[in-house]
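Right, one structure below, let's go through it.
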């Protein structure tokens, strides 16, 4: 029987809520997000519009739903790119490091450091500025700064698995580094990578919002949480709800993923699990 | 005078009974040894005395230190007892010291706890004295030495020094030599005995090997499944042990010579020719781990490779397995030069030391044992693989039901059987046993050795048995090679080498390896001297 921590339950709950809202937005939103209704602009949050309307009379709730969907999609693909490129690089670096040819390892990891050295958001702004603002370029930009994170985590974790005797046994069985990395190393570092992915995911949400905020993410009329914040900025004194709801959505989404990541680390890391179990037992005893 | 008196002590952790009604007495100046297999609860006694039990422990009974019940103490009072009365030596010297602090700082920290007002000069002097007491010379090991510069045995001396620096009345030593070589083990045991004489402290020695403690203990307590099954004065114990488990332990501690008639076969299946392996230490310095080593292994022969840690025997193993590139020399397997190519890998396999680290925890036994099939040219169907794996498992004493289990469901001995199954699956000519039995309890160790003997006779495989312990090797090999500092110093038939060792070092190895019959004889002689 598994005991879930409170952080996992809260985080998981928040995340599920947002994912349901995002999926729902594919089929149904309270109002059409592209429908302008100048007559009904700046409606305060109420029964008709749960989160009010903006300066074009668009329904904020609908926009938050679609914006959340976009943010999740962008982050998911971006983190996927980072993991798909970063993890094999990290495993490769670890394998070469353990097998004597340290040059490849050094090259890979110093290249990593180079990407790491740029502030991630600045890098993303640079990429979108060069290739033009669009949602695809935002995905690529966020994806690129995810690569070194995954490469570093998987290299470090793989290095701790390589000296184990079952790796030696696999090598005695004639298996090469690629096969060993895939068969033995990857399954044993997967829990770390999953936890890292949830953390990177919440960072990617913020990155997406920031890029949209400066106008380099998804383009109008596609709703985006970041751009909604940007637009709300000038009207914050008489229509503060324009900022509250998208801002709140970003905070809750990031918080949800972070808490879920924390909770998952506790569940997936057997060492931590044991500790929490003995802790529980002592609580029961007292 | 009774120093420590454990009375009707029982312990349960999370409602699981660990210890039942334990009664043990320790006098000042006496060494009491608790012997039992892993899981018998022997380490829990030492943790209970010093009150370092895991959470969820429920205790009953009394642990009296100088007629003062330790179980009633608060944590704060216990701290004072730990400082003033109790010392502890742990099993693993490699992790017992803080790597960031010098040995001097760690000893002085301990002294300072007992004497808060001591001046820094006196403190240093005292730390030096303590190091001298554990036979670490000031000229070679100044106080500003860092732990990483010391070997396992030297670190264990420092750990003992830390424990001693507080002048404890009772020293608890939990498997203090299990992680060490036999030669180092013998030295540490001698040191412990000397401390008993010089300081008059009591020692509680916990071990799984009767042969190790036979030499030093005055009183032996045999434990099984959380119960004391027998306790006696050492000499009376060996003369008239009653419990069947004690007899079993005693039998396990005795080593028999290996009897296998090597069918005179001249076919050489492994030849190592002037193998040299150097490690680059930086600063243009190199370490010759293996220096010009050569030997041959004939079909059906079991060869032992003995030496203390750091002598290069494991490096040789890794070279023979093709896991490590070597500089000079050649390795021939079945008449062909071997440098790690896949084609020859089916001829040789390995069983490693650590039964817990040798398996991917996420694979089933079936997949683990079938792994070496990868090396065969002809790929087998899954059904053929399963049939073969099941056969092999039966051969090593496991059943078909184990196919679908994961490694964590097995005990250390069973895992070592799985490792042997994995090594056997491609029907190799040679199996390399790299300290394969040194992580196991004595009884399990003997079972595994028996299994290996059976297999070698049944299947005609050759073993290259690598170990630091000559007695283990004696049990299973026909011929033995003794190594020191990367070179071979003696070679010959096992029985011959064991009876008439030529080299001084071999003599010291034989002298150091725990031998229960010799220990009892020595004990009786001492006793007679004392009574005369």
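Chains as they are written, first to last, in my numbering: chain A, 1 to 286; chain B, 1001 to 1532. For each residue, glycine too, the CB sits at the ideal point set by N, CA and C.
Item to check | Length of the line joining the Cα atoms of residue 1018 of chain B and residue 77 of chain A | outcome: 52 Å
Item to check | 8 Å Cβ cut-off: residues of chain B touching residue 182 of chain A | outcome: Near residue 182 of chain A there are no residues of chain B at all, since even the closest Cβ is about 12 Å away, more than 8 Å.
Item to check | Close Cβ partners of residue 277 of chain A (< 7 Å) along its chain, the five nearest in sequence each way excluded | outcome: For residue 277 of chain A, the predicted model reports a pLDDT of 43, less than 50, meaning its position is unreliable; a value from the coordinates is still stated below. Excluding sequence neighbours, residue 277 of chain A sits near nothing in its chain.
Checklist entry - With 16 other CB atoms within 10 Å as the buried threshold, where does residue 59 of chain A fall? => result buried
Item to check | residue 1331 of chain B burial status per 10 Å Cβ neighbour count (16 or more: buried) | outcome: buried
Checklist entry - So, does the CB of residue 1352 of chain B fall closer than 8 Å to a CB anywhere in chain A? => result yes
Next on the checklist: 8 Å is my cut-off, CB to CB: does residue 1386 of chain B come that close to chain A?
Outcome noted: no
Checklist entry - Which same chain residues, not among the five before or five after residue 1163 of chain B, have their C-beta less than 7 Å away from its C-beta? => result 1087, 1088, 1089, 1171
Next on the checklist: For the pair the stretch 173 to 182 of chain A and the stretch 129 to 147 of chain A, tell me if three or more CB-CB distances fall below 8 Å.
Outcome noted: no
Checklist entry - Which residue from A:7, A:73, A:37, A:6 puts its Cα closest to that of residue 18 of chain A? => result A:73
Checklist entry - Any chance the stretch 8 to 24 of chain A sits against the stretch 253 to 261 of chain A, with 3 or more Cβ pairs inside 8 Å? => result yes
Checklist entry - Do you know how far the Cα of residue 71 of chain A is from the Cα of residue 218 of chain A? => result 9 Å
Checklist entry - Thinking C-beta only, is residue 84 of chain A closer than 8 Å to residue 112 of chain A? => result no
Item to check | Unbroken alpha helix (DSSP H) run spanning residue 65 of chain A, endpoints | outcome: 60 to 98
Item to check | Any beta strand (DSSP E) of 3 or more consecutive residues that is wholly inside the stretch 1389 to 1427 of chain B | outcome: none
Checklist entry - Hey, would you say residue 168 of chain A sits closer than 8 Å to residue 1326 of chain B, going by beta carbons? => result no
Item to check | Where residue 1404 of chain B meets chain A, residues with beta-carbon distance less than 9 Å | outcome: What residue 1404 of chain B touches in chain A: nothing, since even the nearest Cβ is about 17 Å away.
Checklist entry - Using 8 Å as the limit for Cβ to Cβ distance, is residue 1360 of chain B near chain A? => result yes
Checklist entry - Of the residues that make up the stretch 204 to 216 of chain A, which ones have a beta carbon closer than 7 Å to any beta carbon in chain B? => result none
Item to check | chain A within 8 Å of residue 1021 of chain B, Cβ atoms only | outcome: no
Checklist entry - First and last residue of the beta strand (DSSP E) that includes residue 1479 of chain B? => result 1479 to 1484
Item to check | Residues from the stretch 162 to 189 of chain A in contact with chain B, defined by Cβ distance under 7 Å | outcome: 164, 165, 166, 168, 169, 170, 171, 172, 173, 174, 175, 184, 187, 188
Item to check | Segment contact flag, the stretch 1243 to 1253 of chain B with the stretch 1442 to 1456 of chain B, C-beta cutoff 8 Å, min 3 pairs | outcome: yes
Item to check | Separation of residue 244 of chain A from residue 164 of chain A, as counted between CA atoms | outcome: 52 Å
Checklist entry - For residue 1302 of chain B versus residue 1462 of chain B, is the C-beta spacing smaller than 8 Å? => result yes
Checklist entry - In the DSSP assignment, what residue or residues form a beta bridge with residue 1062 of chain B? => result B:1007
Checklist entry - Which residues mark the beginning and the end of the beta strand (DSSP E) in which residue 1289 of chain B is found? => result 1285 to 1298
Checklist entry - Does the Cβ of residue 1212 of chain B have 16 or more other Cβ atoms within 10 Å, making it buried, or fewer, making it exposed? => result buried
Checklist entry - Given that residue 1349 of chain B touches chain A, what residues does it touch there, using C-beta distances under 7 Å? => result 172
Next on the checklist: Does the structure place the stretch 1378 to 1388 of chain B close enough to the stretch 1355 to 1363 of chain B that three or more beta carbon pairs sit under 8 Å?
Outcome noted: no
Checklist entry - Anyone know if the C-beta pair for residue 1155 of chain B and residue 1097 of chain B falls short of 8 Å? => result yes
Item to check | Spatial distance of residue 86 of chain A from residue 252 of chain A (CA atoms) | outcome: 28 Å
Item to check | In DSSP terms, what residue 1349 of chain B is bridged to | outcome: B:1431
Item to check | Simplified DSSP state of residue 1118 of chain B, which is helix, strand or coil | outcome: coil
Checklist entry - Taking the alpha carbon of residue 1361 of chain B as the point to measure from, which residue in B:1523, B:1342, B:1404 has its own alpha carbon closest? => result B:1404
Checklist entry - Closer than 8 Å, Cβ to any Cβ of chain A: which residues of the stretch 1268 to 1282 of chain B, in chain order? => result none
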